[in-house]
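Asks:
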Amino acid sequence: MKLIDTHCHLTFEPLADDVENVLARSRDAGVTGWITVGTDIQQNHKAIELAEKFENMYAAVGFHPHDAKNATDQRLVELRALAQQSQKVVAIGETGLDFHYNYSPQEDQRRDFTEHLKIASELNLPVIIHSRQAFDETMEILEQYGRVKKVVFHCFSGSAEQAKLVLDRGFYISFTGVVTFKNAETTRAAAKIVPLDRLMVETDCPYMSPEPCRKQKVNEPALMLHTAAFIAELKGMDLADFAEAVTATSRAFFGLP
Ligand SMILES: [Zn+2]
Ligand SMILES: [Zn+2]
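Residue numbers (my numbering): 968 to 1224.
(1) If you measure from each residue's Cβ to the nearest non-hydrogen atom of ligand 2, which ones come out under 6 Å, in chain order?
(2) Are the beta-carbon atoms of Ile1008 and Ala1027 separated by less than 7 Å?
(3) So what does DSSP say about Glu1061, is it helix, strand or coil?
(4) Lys1036: which of Val1056, Lys1055, Gly1063 sits nearest, CA to CA?
(5) Return the CA-CA distance between Arg992 and Ala1189, expressed in angstroms with no decimal places.
(6) Among Cys975, Met968, Glu1022, Gly997, whose alpha-carbon lies nearest the alpha-carbon of Gln1010?
(7) What I want to know is whether the C-beta of His1097 ends up closer than 6 Å to one or more non-hydrogen atoms of ligand 1.
(8) So, is Thr1039 buried or exposed, given that buried needs 16 or more other C-beta atoms within 10 angstroms?
(9) What distance in whole Å lies between the Cβ atoms of Asp1065 and Ala1101, which are believed to be in contact at a cut-off of 8 Å?
(10) Using only alpha-carbon positions, find the residue among Phe1142, Ala1048, Ile971, Gln1073 that is nearest to Phe1197.
(11) Starting from Thr1003, follow its DSSP beta bridges and name the residues at the other end.
(12) Could you confirm whether any beta carbon from chain B is found closer than 7 Å to the beta carbon of Asn1091?
(13) Whole angstroms are fine: how far does the CA of Phe1030 sit from the CA of Gln1073?
(14) Based on the DSSP secondary-structure assignment, which residues constitute the bridge partners of His1097?
(15) Can you tell which of Leu1046, Ser1098, Ser1053, Val1094 has the C-alpha that lies nearest to the C-alpha of His1067?
(16) Does the stretch 1206-1222 come close enough to the stretch 1163-1180 that 3 or more CB-CB pairs lie under 8 Å?
(17) Which residues share a DSSP beta bridge with Leu1166?
(18) What number of angstroms, rounded off, separates the C-alpha of Tyr1227 from the C-alpha of Leu1223?
(19) Consult DSSP for Leu970 and reduce its assignment to one of helix, strand or coil.
(20) So which of Val1056, Gln1041, His1033 has the shortest CA-CA distance to Phe1021?
(21) For a quick check, are the C-beta atoms of Ser1124 and Val1145 less than 7 Å apart?
(22) Alpha carbon to alpha carbon, how far is Gly1203 from Val1004? Give it in angstroms, no decimals.
(23) What number of angstroms, rounded off, separates the C-alpha of His1033 from the C-alpha of Gln1183?
(24) Whole angstroms is fine: what's the gap from Gly997's alpha carbon to Asn1023's?
(25) So, for Val989: in the same chain, excluding its five sequence neighbours on each side, which residues have a beta-carbon less than 8 Å away from its beta-carbon?
(26) Can you list, in chain order, the residues of its chain with a C-beta nearer than 6 Å to that of Leu1043? Leave out the 5 residues immediately preceding and following it.
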């Protein structure tokens, strides 16, 4: 089995300190590819550096909506340069809107998200969206910048109705361990209706450990196997068939060799 963790933060502590072992455990679990996602200027640099170092590892560069308050024109220039710096950069993100925490003013988040979309469409790169309690506004902004063709809603925790709206626009949906949580009935209903050619899996590690390891404070790519097995069962499928299909979807979406 060759699953791809399409959204992880391998440059975050404590994973960063132990990457070799984290990757060894991941490979043992059948998770053999990784997209490590940047969230600020330092993490973006680290993500590229790490991706350059390991086979089957790729990077996404962007500024988390939490960090939108620090956006400047200069930072966007740097983002554009970073995105073109290495063949290993395969996406812009994570970007979007987080109206749950509101660590940055909503107006700043909207502006910075829009700027990310402009860069992605200019460079013809897919976009990884972080959207929390801001579904309608996220869709609205994506509607206004219709030029971005490849869009994935990462860590999707919305409803089947929202999933349908995302699919109708031609976008993709990625699930974390959240889908395995006891109280995630709504997200499970969504996972059921997303076809495999639009579905991806991720850890979002070091956060969001899936059941039955939810108590494990530090999530890591090896644990994604639980999420994959869970969704496969939800869909009444063999894990191996499920893995093959979602890996093909992930490769096509991110343009991986
Ligand atoms: Zn996120
Ligand atoms: Zn993330």
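No residue lacks a Cβ here, since even glycine has one placed at the ideal position from N, Cα and C. Fair warning: this is a prediction, and the values are worked out from it, not measured in the lab.
Replies: With the structure as the only source:
(1) Residues flagged by the Cβ proximity filter: His974, His976, Val1004, Glu1061, Asp1171.
(2) Indexing the sequence shown from 1 puts residue 1008 at position 41. Indexing the sequence shown from 1 puts residue 1027 at position 60. Not in contact: Ile1008 and Ala1027 (Cβ atoms no closer than 7 Å).
(3) As a first step, residue 1061 must be located in the sequence shown, where it is residue number 94. It is a strand residue.
(4) Taking the sequence shown and counting its residues from 1, the one referred to as residue 1036 is at position 69. Per the Cα distances, Gly1063.
(5) Here the question's residue 992 lines up with position 25 in the sequence shown. Here the question's residue 1189 lines up with position 222 in the sequence shown. One C-alpha to the other measures close to 6 Å.
(6) As a position in the sequence shown, residue 1010 is number 43, starting the count at 1. In terms of CA proximity to Gln1010, Cys975 leads the group Cys975, Met968, Glu1022, Gly997.
(7) By one-based count along the sequence shown, residue 1097 stands at place 130. At a threshold of 6 Å, His1097 counts as near ligand 1, since its beta carbon sits closer than that to one of the ligand's heavy atoms.
(8) Taking the sequence shown and counting its residues from 1, the one referred to as residue 1039 is at position 72. Under the 10 Å beta carbon count, Thr1039 is surrounded by fewer than 16 other beta carbons and is classified as exposed.
(9) As a position in the sequence shown, residue 1101 is number 134, starting the count at 1. As a position in the sequence shown, residue 1065 is number 98, starting the count at 1. The pair is a contact, with the Cβ atoms about 7 Å apart (cut-off 8 Å).
(10) Start at 1 with the first residue of the sequence shown, and residue 1197 comes out as number 230. Of the listed residues, the one whose Cα sits closest to Phe1197 is Phe1142.
(11) Translated into positions along the sequence shown, residue 1003 becomes position 36. In the DSSP assignment, the residues bridged to Thr1003 are Cys975, Ala1026.
(12) Protein chains in the displayed structure number just one, and chain B is not present.
(13) Against the sequence shown, residue 1073 aligns to sequence position 106. Against the sequence shown, residue 1030 aligns to sequence position 63. The alpha-carbon separation between Gln1073 and Phe1030 amounts to approximately 15 Å.
(14) Walking along the sequence shown from the start, residue 1097 turns up at place 130. Gly1063, per the DSSP bridge assignment.
(15) Working through the sequence shown from its first residue, we reach residue 1067 at position 100. Of Leu1046, Ser1098, Ser1053, Val1094, the smallest CA-CA separation from His1067 is found for Ser1098.
(16) Under the three-pair Cβ rule at 8 Å, the stretch 1163-1180 counts as touching the stretch 1206-1222.
(17) Position 199 of the sequence shown, counting from 1, holds the residue named residue 1166. DSSP output for Leu1166 lists Ile1140 as bridge partner(s).
(18) This structure cannot settle anything about residue 1227, because the visible part of the chain is limited to 968 through 1224.
(19) In the sequence shown, the residue the question calls residue 970 occupies position 3. Strand, per DSSP.
(20) Your numbering for residue 1021 matches position 54 in the sequence shown. In this structure, Val1056 is the residue among Val1056, Gln1041, His1033 with its C-alpha nearest to the C-alpha of Phe1021.
(21) As a working mapping, residue 1124 is identified with position 157 in the sequence shown. As a working mapping, residue 1145 is identified with position 178 in the sequence shown. A distance below 7 Å separates the beta carbons of Ser1124 and Val1145.
(22) Position 37 of the sequence shown, counted from the first residue, corresponds to residue 1004. Position 236 of the sequence shown, counted from the first residue, corresponds to residue 1203. Answer to the nearest angstrom: the Cα atoms are 31 Å apart.
(23) Residue 1033 sits at position 66 when you count from the first residue of the sequence shown. Residue 1183 sits at position 216 when you count from the first residue of the sequence shown. Their backbone Cα atoms lie some 25 Å apart in a straight line.
(24) Reading the sequence shown from its first residue, position 30 is the one you call residue 997. Reading the sequence shown from its first residue, position 56 is the one you call residue 1023. Near 13 Å, if we compare the C-alpha coordinates of Asn1023 and Gly997.
(25) Start at 1 with the first residue of the sequence shown, and residue 989 comes out as number 22. These residues qualify, in order along the chain: Leu977, Leu982, Glu1187, Pro1188, Ala1189.
(26) Walking along the sequence shown from the start, residue 1043 turns up at place 76. Contacts found: Glu1082.
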